[in-house]
Every structure is written in C-alpha cells, then in structure tokens.
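Top line first, the protein sequences correspond to chains A and B.
Counting in the working numbering, the first sequence runs from 104 upward without gaps.
Counting in the working numbering, the second sequence runs from 932 upward without gaps.
This report refers to the structure that appears directly beneath it.
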Amino acid sequence: MPLFRKLLIANRGEIAVRVARTCRAMGIPTVAVYSEVDRDALHVREADEAVAIGAAEAARSYLDIERVVGAARQTGAEAVHPGYGFLSENGDFAEAVARAGLVFVGPPAPVHRRMGDKQAARRLMAGAGVPVVPGYDGDDQSEAALLAAGERIGWPVLVKPARGGGGKGMRVVRGAGDLASALAASRREARAAFGDDRVVLERCVERPRHVEVQVLGDAQGALVHLLERECSIQRRHQKIVEETPSPALDQRLRARVCAAGVAAARAAGYVNAGTVEFLLAPSGEFYFLEMNTRLQVEHPVTEAVTGLDLVRLQVEVAAGAPLPFTQDVVAARGHALECRIYAEDPARDDRPSPGRVLHLSVPAGPGVRFDSGVEAGSEVTVHYDPLLAKLITWGASRAESIERMAAALARTVVLGITTNHGRLRAIVDHPAFRGGDLHTGFVDEHLAGAPPDPCPPAEAVAAAVAALHRARPAPEGRPPGAADPWSSVGAWRLGAPS
Amino acid sequence: MRLACGEDVREVAVSEGGEGLSVTVDGAVFALDVRETAPGTFVRRRGGGAETFHCVRAGDDVHLFWRGRAYELRVQHPRERAAHRAASSSGLEAPMPGRVIAVNVSPGQRVLRGEELLVVEAMKMENAIRAPREGVVKSVGAKVGDMVNPGAVLVELE
Chain A
104 MPLFRKLLIA NRGEIAVRVA RTCRAMGIPT VAVYSEVDRD ALHVREADEA VAIGAAEAAR
164 SYLDIERVVG AARQTGAEAV HPGYGFLSEN GDFAEAVARA GLVFVGPPAP VHRRMGDKQA
224 ARRLMAGAGV PVVPGYDGDD QSEAALLAAG ERIGWPVLVK PARGGGGKGM RVVRGAGDLA
284 SALAASRREA RAAFGDDRVV LERCVERPRH VEVQVLGDAQ GALVHLLERE CSIQRRHQKI
344 VEETPSPALD QRLRARVCAA GVAAARAAGY VNAGTVEFLL APSGEFYFLE MNTRLQVEHP
404 VTEAVTGLDL VRLQVEVAAG APLPFTQDVV AARGHALECR IYAEDPARDD RPSPGRVLHL
464 SVPAGPGVRF DSGVEAGSEV TVHYDPLLAK LITWGASRAE SIERMAAALA RTVVLGITTN
524 HGRLRAIVDH PAFRGGDLHT GFVDEHLAGA PPDPCPPAEA VAAAVAALHR ARPAPEGRPP
584 GAADPWSSVG AWRLGAPS
Chain B
932 MRLACGEDVR EVAVSEGGEG LSVTVDGAVF ALDVRETAPG TFVRRRGGGA ETFHCVRAGD
992 DVHLFWRGRA YELRVQHPRE RAAHRAASSS GLEAPMPGRV IAVNVSPGQR VLRGEELLVV
1052 EAMKMENAIR APREGVVKSV GAKVGDMVNP GAVLVELE
C-alpha cells in the first residue's frame, strides 16, 4: 500500500519533475498543476494527471491558494507537496491544505509564519541562544528609526524584507545617504513579492561564507541534521553553486554549526525537511540568517553524500511515519557539488533571457546527476524563475567532484537561449574556487573583469556554416512540444521567416 | 553571405569539395567533413578522430556549441545592418520582455549618466534602465503597468 492514494505537486519546473519521480518510485500517483503557458511543460507530462489552474501570471495560477487546493480536492489527492518558491513557505496555504482535510508535505502553518517573519525569527533565535547578526528588528519602520539603527549598527548595513527570501529585495547600504533609495527599492520589491514591506537591518559581515544546515524532523518529535551545505557562490544574493561538505568547516566547527541548526529548528517547533542558514565570518563566528521552511533547491548535494532521498523522507514524515534513522548514523561519504543553470546573461547584468530551448544535451557519467525542468522545445517565459536545470556531481573527494563537474559542464549543451553556462565553467575552473577560498562576493571579486570573447574563432564559424549546410529537416514524429528550428535550414535562404 | 556575432561580422561561403565541405571565413579556407547524427548534433571527422558539436538555427539566429562553449550568431542581411546602426543611437530599448513597474522621468527632464530612468520587472527581478549618457529626455514610450517587448523604445534622449 502506498502512503498516499494520490499526491498533488503545487509547483512547476525541475522541482515538480523531481518530486514526481520520487513519488513514482514510491508507487504514489501524482497530479501536476499548470498555468496556461505551461500546458506542454515537462512537469505536466511527468505527472500521472494534470489540472489547469489559470493564467500565466503566477498570482493567478501557482500562487492562487483556492485554485491549487481546489485542484487537489477535485482529483482526489490526499497530500500536497509544495516544492520550493511559490506557496511553499506560505502559512495560509499550509492551513488551507490542512483545512481541506489533506496532508501538507512540510511543516504546519504556525512554523511557516514564525520563520517567514524575519523580525520574529531573529528574536526567537536570539532567545534560544542561536547567534544572530547584530542588527535592527524593531517595529518602528520609519526612515528616521532605520537611519538611527544604521548609524548604531555601523555602515555598511544590509536592508532585508522582513518576509520572504531568496535574496529578493535585499540591498546593501554603504552609508546614510544611500538608505532612502535602497529602502524604496527594497520595499517595492518586497511588497510585490511578499505583500509586506517591513524590513530588518543587519550588519554586513565582510567576506562572509553562506553555510546552511539541513534539518529533518518527524511528527513524533525526533529532529536530526543532515550536515551542512556551503552556498557562498552567489550573484545578486542568489546561489548559483553549492557544495557539501563545506571546505570552511573542520570537525569541531561543523559540530557546532550543525548543533546550532538543530537548536534553531527545535526552537521553531520544526517538523519535516527544512534548512537553517548561517553567515560564517572569516573569524569562525557564525550567525543565524533565516530558516527556509521547505525543501531547498540545492538539496541534491545532501542526497549525494548521505545516500538519502529527501523527498521520500518528506513524504514519509508527512504521512506520520517516524524517521527511519537516528543522528548517529548520518555521515557524509565523499563530496558533492551543484551548479544551477539559469536563463540569464552574465554579460548583461544577469538579465533574464527568455526564449525557446532549441537543443539540450545532457551530460552523463559516474557521479553525474542532471535535474531539469526543460527539454528541447520548452518555452522559457518571463513569468517564472529563470532556473532551467541543476547539474550535480559527486566524487570521493572535493577535487574529484570538481573534476567531474568541469567535465560534465563542458558537455552540457543548452542552445536557443542565453544561459550562465560560461560563468559556471569559469567559477569551477577558478584557482580560488579549487582552493576552497570562497565568500559571498566571490563572483564580483573574481569574475567581474572583462568576460571572455563572446564570438567564436573562425574555425568554429566554419563548423557552423558546414552544419547549417548539412542539416536535414527533422524527421516525422518529433516529440510533442519540440520546436522545429529546421523549417528554414538546409539552404541559405535570405529573408527566411524568423 | 554574412554571419554576425554582435558587432563582429564574418563574410562566409560554402561549397562541396572532395571529402566534405569547403568553407571560407573572411578569406580563410576550412575543409570540413561534417555530418548530422541527430537533430542539432554534428560530428566532424578529422584525420583519425572525430569531434561532436551542436548547431541549431531559428530564423536568422544561429546557436552554436563548440568545444565547451555556446555562441550566438546571426545571419545578416545588408538592409538590416543599416537599420541596426540607426536604431542603436536613437533611444533606449527594452532589454527583455517584461512589465514596467516604475517610470522616473518625463519629457524635458535633464538626466545624468547612470540615472535610473525606468524599472522593468521580468522573471521576478527588477531591472533598472539607466541613462547611458547625460541628456534631456525627448520622449517616454511606456507607462507603469505596460508589458514591453525587446526592441520597444522606452526613452529617447535628445
């Protein structure tokens, strides 16, 4: 007997595909939801059935609680997995799912609300003895109060929306004169993304690392950590390369950071999978940043070194099963690395680059995993997060997983839209990265210089010309949704329709 | 025939010759024995070895993956070159499809280099459109809430 008769996946893209695959292995039929532009998306076909839930704009589909819960009831789903992003950390959603008599695969509503409010979370953690960054989490949100707080904390300070996450709305303020404009932008983004424009201020820790602890709790009160991940390689405060174990932690520091993660989760009353994020200063001091009350994008690196399937554990715990292991058996074997492939252009300020994926070649080999939300023919729209796929490699050592990543990236082909592929290769090849010398400003420090020549050498141009000359029209029976880029090739027809 | 990569334009020609193709790029001749093994995937045989590369075309856009790197090329038409030059000097275009969420300037206003003129939101990120130089705003082509497409002229500077 499967744990649930049916499970609805309230998400899209690679995470919806990934959840569907574990459910299939567990014998649980899945229901996908999709907006009108996602009708032909990969995640829709990976599920056993699918329900249209509205317009392209996320607020009218993937963020519409009533429609998502309605789809679950209509299809007879017994459980709802929220993935990450969208409604995954929304207390109202968790509550609506429970009120409909369904099981929410994640912590209950009060935990989301407690941790979703950065102000309240900071206070709770400080009270539980978990170190927090010196800062301001007061109720007085006037510019005068924030200015005074900034002066007291000492510039530069970080302005962060009190709600939400993923780096959205975060701004670094270098001095008093910059506060007003940073506040305005931060509040505007926070209001749009989270419907709440309160902010907190935090001291900027210089050259910090981002280290986080994966936690997992069951309904019986057992709570364990699944070691740490380091996610210091970021752009615009968003992670692009993650790994475990962190090269910054020795056994003693690792034990302290992971214990703090468990203490934070316990203070939050945590159940199911979650992540406690810390800033690690060069001195070895570390501070609570926030808790993500959901599965994390980068969870596959933890899976690679622990041998666990986190989605399976989430579903089991949600069904009321006790954790099948205790803390003392959790151990890391080897090292794992993840690179996030985004539809964005590093040469143009990381601008999103929507379009159609015309060709996709996926790397393979020992220790290589590719979690993709797209395939050849997929349309990447402006409506959603530009994450296309995640490439994960495992090795017996950090050096080996990096070597495997470098080789796999060189064989990862996404054509049709601009991606950050070149930047990922530059990061993985960089001596400072290989040396484990990471901090959250790594990309700006090491890769802000002149980008490599975006134009191919003459020999490559010749190869392209030869390819276009030799290309055959696509055979009959293309996969559904696949583009037909071949309608105009074979001859150099000038003025062919684009 | 011309293939452009940004401002870099290559004059190319192709003909059948002996074992494979003879391709000329700006006067340099390359002999290439190339065949398509799957849509978008090509094998080039050379000496005793072979290498794989990838290439797809959509309209005039050519996407190439060669020795670990992706490149974007464009088949260029003579008329288009002149039009491109004219457009790039006249105004500030939307860089991507998105929604205008802030307009900070109005016609007649003097702006400094780097000043934020508009904000376009796409894929949940805010993207500031900044003045490339000092000048006076001649016209504003979008208002808050508008959906804009790449190439739409948002602001013209005098």
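Just so it is clear, CB atoms sit at the ideal spot from N, CA and C, and this is done for glycine as well.
Local Cβ density within 10 Å of residue i, reported as buried at 16 or more and exposed below that
| i | result |
| --- | --- |
| Arg941/B | buried |
| Ala285/A | buried |
| Leu934/B | buried |
| Met1056/B | buried |
| Met104/A | exposed |
| Ser289/A | buried |
| Leu1004/B | buried |
| Val379/A | buried |
| Ser191/A | buried |
| Gly1029/B | buried |
| Ala502/A | exposed |
| Ser946/B | exposed |
| Leu919/B | Nothing about residue 919/B can be reported from this structure: the residues present for chain B run from 932 to 1089 only. |
| Ser504/A | buried |
| Asp957/B | exposed |
| Arg317/A | The question names Arg, yet the displayed sequence has Gln at residue 317/A. Counting Cβ neighbours within 10 Å, Gln317/A comes out buried, since at least 16 surround it. |
| Val275/A | exposed |
| Arg1041/B | exposed |
| Asp240/A | buried |
| Glu548/A | exposed |
| Lys271/A | buried |
| Gly1039/B | exposed |
| Val1067/B | exposed |
| Thr904/B | No answer is possible for residue 904/B: the residues shown for chain B start at 932 and end at 1089. |
| Gly937/B | exposed |
| Arg528/A | buried |
Beta-ladder partner(s) of residue i, from DSSP
| i | result |
| --- | --- |
| Tyr390/A | Leu382/A |
| Asn1058/B | Val1051/B |
| Cys442/A | Val344/A and Leu494/A |
| Glu331/A | Val316/A |
| Thr1156/B | Given a span of 932 to 1089 for chain B in the structure shown, any question on residue 1156/B remains unanswerable. |
| Gln1007/B | Arg933/B |
| Ser138/A | Gly157/A |
| Asp448/A | Arg454/A |
| Glu1087/B | Ser1070/B |
| Arg459/A | Glu482/A |
| Val980/B | Just to set this straight, residue 980/B is Gly in the shown sequence, not Val. DSSP output for Gly980/B lists Arg977/B as bridge partner(s). |
| Met1127/B | Here chain B comprises residues numbered 932 to 1089, so residue 1127/B is not present and cannot be evaluated. |
| Ser245/A | Looking at the DSSP assignment, Ser245/A forms no beta bridge with any residue, so it has no partner. |
The ligand MG heavy atom lying under 8 Å from the CB of residue i
| i | result |
| --- | --- |
| Gly437/A | Among the components of this structure there are no ligands whatsoever, and the ligand MG is therefore not found. |
If we require 4 or more residues per run, which alpha helix (DSSP H) segments fall completely within the segment 142 to 212 of chain A? 145 to 149, 168 to 178 and 194 to 202
For a minimum of 3 consecutive residues, which ranges assigned as the beta strand (DSSP E) are wholly contained in the segment 468 to 553 of chain A? 471 to 475, 490 to 498 and 516 to 518
Residue ranges of each alpha helix (DSSP H) run of no fewer than 4 residues wholly in the segment 263 to 326 of chain A, ordered along the chain? 282 to 297
Using a Cβ cut-off of 7 Å, which residues of the segment 548 to 564 of chain A contact any Cβ in chain B, in chain order? For the segment 548 to 564 of chain A, residues whose beta-carbon sits nearer than 7 Å to a beta-carbon of chain B comprise Pro557, Cys558, Pro559, Ala561, Glu562, Ala563 and Val564.
Could you tell me whether the segment 485 to 493 of chain A touches the segment 954 to 964 of chain B, where touching means 3 or more Cβ pairs closer than 8 Å? no
Any residues in the segment 985 to 1007 of chain B with a beta carbon nearer than 8 Å to a beta carbon of chain A? Which ones, in chain order? Under the 8 Å Cβ criterion, the segment 985 to 1007 of chain B contributes His985, Cys986, Val987, Arg988, Ala989, Gly990, Asp991, Asp992, Val993, His994, Leu995, Phe996, Trp997, Arg998, Gly999, Arg1000, Ala1001, Tyr1002, Glu1003, Leu1004 and Val1006.
Using a beta-carbon distance cut-off of less than 8 Å, what residues from the segment 475 to 502 of chain A approach chain B? Ala479, Val485, His486, Tyr487, Asp488 and Pro489
Three Cβ pairs or more, each shorter than 8 Å: is that satisfied between the segment 317 to 334 of chain A and the segment 420 to 428 of chain A? yes
Short-range partners of chain B found in the segment 517 to 531 of chain A, where Cβ spacing is below 8 Å: Val517, Leu518, Gly519, Thr521, Thr522, His524, Gly525 and Arg528
Please list, in chain order, the residues of the segment 291 to 307 of chain A that have any C-beta partner in chain B closer than 9 Å. Here the close residues are Arg291, Glu292, Ala295 and Ala296.
Contact between the segment 504 to 521 of chain A and the segment 439 to 458 of chain A (3+ Cβ pairs under 8 Å): yes
Contact between the segment 468 to 480 of chain A and the segment 497 to 517 of chain A (3+ Cβ pairs under 8 Å): Flag = yes, the segment 468 to 480 of chain A and the segment 497 to 517 of chain A touch.
Name, going along the chain, the residues of the segment 1040 to 1062 of chain B whose beta-carbon falls closer than 7 Å to a beta-carbon of chain A. Ala1053, Met1054, Lys1055, Met1056, Glu1057 and Asn1058
How about the segment 367 to 375 of chain A and the segment 335 to 354 of chain A: do they share at least three Cβ pairs that are nearer than 8 Å? no
With three or more beta-carbon pairs closer than 8 Å as the criterion, would you say the segment 347 to 367 of chain A touches the segment 184 to 200 of chain A? no
Segment contact flag, the segment 970 to 983 of chain B with the segment 541 to 556 of chain A, C-beta cutoff 8 Å, min 3 pairs: no
May I ask you to list, following chain order, the residues of the segment 1023 to 1040 of chain B that have a beta carbon less than 8 Å from some beta carbon of chain A? Pro1026, Met1027, Pro1028, Gly1029, Ile1032 and Ala1033
Does the segment 218 to 227 of chain A touch the segment 433 to 443 of chain A, meaning 3 or more C-beta pairs lie closer than 8 Å? no
At least three beta-carbon pairs within less than 8 Å, the segment 386 to 394 of chain A to the segment 233 to 245 of chain A: Flag = yes, the segment 386 to 394 of chain A and the segment 233 to 245 of chain A touch.
Contact residues within the segment 967 to 982 of chain B, judged by C-beta distance below 8 Å to chain A: If the cut-off is 8 Å between Cβ atoms, the segment 967 to 982 of chain B has Glu967, Pro970, Gly971, Thr972, Phe973 and Arg975 near chain A.
Going along the segment 935 to 946 of chain B in order, which residues come within less than 7 Å of chain A, judged by CB to CB distance? Cys936, Gly937, Asp939, Arg941, Val943 and Val945
Along the segment 317 to 347 of chain A, what residues have a CB closer than 7 Å to any CB found in chain B? none
I want to know whether the segment 398 to 413 of chain A touches the segment 359 to 370 of chain A - three or more CB-CB distances under 8 Å. no
Just checking, does the segment 244 to 262 of chain A make contact with the segment 408 to 418 of chain A on the three C-beta pairs under 8 Å criterion? no
Mind the definition here: the segment 559 to 579 of chain A touches the segment 974 to 988 of chain B only if three or more C-beta pairs lie below 8 Å; say whether that holds. Yes: the two stretches touch, three or more of their Cβ pairs being nearer than 8 Å.
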